[in-house]
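Read the structure below first, then the notes.
In our numbering, the protein residues as written are 1 to 563.
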């Protein structure tokens, strides 16, 4: 199998070129055949089982340089920092902030189609949503073209894939390996190595969260942060709607993944909310007011089991700038405030003061939820759920992942807590036909070392996202980092890596915890066919070394037709 791209069909090559263009511009035993499914539920003992924080990150093994700090979300060089750091290039199509489910028909492929168009569109979305404005077109068409262009070229065979991958899979730096490769067009499994053995997914858990959320919640839903009159106190209440991306920064200072936000991805503004509220109060002759804040939307513990004050904020429905102590910080795992809701209320009070309204004393948590019919003095809305999912996947944002998981829980009538979110995701994936044997979910971000997902399930999730039957799931693909260009893959597949030829041809979600590295996404092969893959490893090798070995495996898929 030569590293040169072969001819293939004209349509296939055209599809591949479109994918690359969108990329740059847009945002078991080693057997050749799939292994037999396990007889019962597998435990997280496969590649990646368990995992403590040490280098739990996706980033470069810097904490091992911080990268491994506790599934820091795969962020970059700080552990699974949301997959962010390491590679925080610009999001393929970043989404920005908070929102509540909307019910308006979508304006793009990534938005929600009419109910008849997709079996994946589910019903109970969270309340208080507002129709999105004209949404920016997502590069879904380009991503899918390669999948639809491939039929002229023969499918890769198990034998061809085994031969192509034989050498790279023996790299000792990979450690224990689980691998599944499928045709993205229909999800047909083409090759497997321990593909049915559950392993610790780290931040590839976010694929499960994203699929379930977009199936349960209309893609054009926005999360609302409101200020209402409080009849009981005579003051006002700041009501958290679950948007962690709400920002207190001026518009010209707002960035998403280190890049200035555009109108479609810009987060909701706390300053805009303060201006609306102050205008309403002053119109009624009020310039001094009592302020409290309502965080009743969520229940359960505030802190994640692996909370470290950097990779994830306390999980509350009211916060600004994801609870960062420095809103402008571009660090992969920034320091977080201990009380995000209180800090948000304090910031809001300061912004009201700048508008001529004084808050009496210090804002306190409300003693009861805001009344459903309380007069609204101000409201701001996040980017659409589709954009939020894209941003979360591109940057591997743990705080945003847990917020999206709670919105899924609300839509599924489950408690908006870690347990309720895990139940909602599990139930929705089961409804979608995803084989859940061996799957264990404890959170929405992948920071929990007790999560377990087999490689074959991750591939199934990707195939669903590419399916014509589930257009609402397309942001799962468009949000994947692009090898060598964006997000947590921005600094991988580079010159000298042995995988540079696959740059731009691979879109994948990264995952990292202590001793665990995962990668799941899509790759365009030498004949223009789009393949879905999931690679899960557990190794004692340095993080950067292990990741480079994984990238070479995926690069082999891009370099051959594998017949």
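Quick reminder that beta carbons are idealized off the backbone N, C-alpha and C, glycines included.
query: At what residues does the beta strand (DSSP E) containing residue 236 begin and finish?
result: 236 to 239
Alpha-carbon spacing of residue 624 relative to residue 403, whole angstroms: Past the boundaries of the shown model lies residue 624; the chain is included only from 1 to 563, so the question cannot be answered.
task: Enumerate in chain order the residues of its own chain whose CB-to-CB distance from residue 28 is below 8 Å, with the five nearest sequence positions on each side excluded.
output: Low confidence applies to residue 28: its pLDDT is 34, below 50, so where it sits in the model is not reliable, and the reading given next is rough at best. Cβ neighbours of residue 28 beyond the five flanking positions: 35, 178, 192, 193, 194, 195, 196, 197.
- request: Could you tell me whether the stretch 539 to 549 touches the stretch 166 to 178, using the rule of 3 or more Cβ pairs below 8 Å?
  value: yes
field: Alpha-carbon spacing of residue 491 relative to residue 484, whole angstroms
entry: 6 Å
task: For the alpha helix (DSSP H) holding residue 383, just list the boundary residues, first then last.
output: Premise fails: residue 383 lies in the beta strand (DSSP E), 376 to 384, not in any alpha helix (DSSP H).
- prompt: Excluding the five sequence neighbours on either side, which residues of its own chain have a C-beta within less than 6 Å of the C-beta of residue 548, listed in chain order?
  reply: 497
message: Here's a check: name, in chain order, each residue in its chain whose Cβ is nearer than 6 Å to the Cβ of residue 399, leaving out the five neighbours to either side.
response: 244, 312, 313, 322
query: If you follow the alpha helix (DSSP H) that residue 566 is part of, which residue opens it and which one closes it?
result: An answer regarding residue 566 cannot be provided, because it is not within the stretch 1 to 563 covered by the chain.
message: For residue 269, list the residues DSSP reports as bridge partners.
response: 247
query: For residue 416, which residues from the same chain have a beta carbon less than 7 Å from its beta carbon, with the 5 sequence-adjacent residues on both sides left out?
result: 297, 298, 299, 406, 409, 410
task: Please confirm if the stretch 350 to 366 is in contact with the stretch 250 to 257, defined as three or more CB-CB distances below 8 Å between the two stretches.
output: no
message: My output table needs one value for residue 482: the three-state DSSP class, helix, strand or coil.
response: strand
query: Is it right to say residue 230 is buried, meaning 16 or more other beta carbons lie within 10 angstroms of its own, or is it exposed?
result: buried
task: Measure the alpha-carbon distance for residue 221 versus residue 391 and round it to whole angstroms.
output: 15 Å
field: Selection from 204, 171, 551 that minimises the alpha carbon distance to residue 396
entry: 204
Residue environment, residue 356, which counts as buried when at least 16 other CB atoms sit within 10 Å: exposed
field: CB of residue 234 within 9 Å of CB of residue 280, strictly
entry: no
message: In whole angstroms, give me the CA-to-CA distance for residue 275 and residue 250.
response: 13 Å
message: Just to confirm my understanding: we take residue 189, look at its own chain, exclude 5 residues before and 5 after, and list those with CB closer than 8 Å. What are they?
response: 34, 180, 181, 182, 195, 456, 459
- prompt: For residue 364, which three-state DSSP category applies?
  reply: strand
message: Please give the ranges of any beta strand (DSSP E) in the stretch 145 to 209, keeping only runs that are unbroken, at least 3 residues long and fully inside the region.
response: 176 to 183, 189 to 193
task: Over the uninterrupted alpha helix (DSSP H) stretch that includes residue 319, give me the two end residues.
output: Looking at the DSSP string, residue 319 is not in any alpha helix (DSSP H), and its letter there is neither H nor E.
message: For residue 353, which residues in the same chain have their Cβ closer than 8 Å to its Cβ, ignoring the five residues on either side in sequence?
response: 359
field: Whole-angstrom C-beta distance between residue 247 and residue 327, which should lie under 8 Å
entry: 7 Å
message: My output table needs one value for residue 553: the three-state DSSP class, helix, strand or coil.
response: helix
- prompt: What three-state label does DSSP hand residue 260 in the structure shown?
  reply: strand
- request: Measure how close the beta-carbons of residue 489 and residue 522 come, nearest whole angstrom, since I'm counting them as under 8 Å.
  value: Their Cβ separation, rounded to whole angstroms, is 12 Å, which puts residue 489 and residue 522 out of contact at 8 Å.
Cutoff 6 Å; reference residue 376; Cβ partners in own chain excluding five residues on either side: 226, 228
query: Once you ignore the five residues that flank residue 336 on each side, which residues in its own chain have a CB closer than 8 Å to its CB?
result: 309, 310, 312, 313, 314, 322, 323, 324, 325
- prompt: What residues in its chain sit with their C-beta under 6 Å from that of residue 271, if we drop five residues either side in the sequence?
  reply: 351
- prompt: Should residue 169 be counted as a contact of the ligand MN given a C-beta to heavy atom distance under 8 Å?
  reply: Only the bare structure without any ligand can be found here, which leaves the ligand MN out of the picture.
task: Leaving out five residues on either side along the sequence, give the residues of the same chain with a beta carbon under 6 Å from the beta carbon of residue 378.
output: 227, 273, 276, 277
query: Candidates 452, 438, 437: which alpha carbon is nearest residue 444's?
result: 452
- prompt: What residues in its chain sit with their C-beta under 6 Å from that of residue 401, if we drop five residues either side in the sequence?
  reply: 206, 209, 392, 444, 445
field: Cβ pair residue 464, residue 509 closer than 9 Å
entry: no
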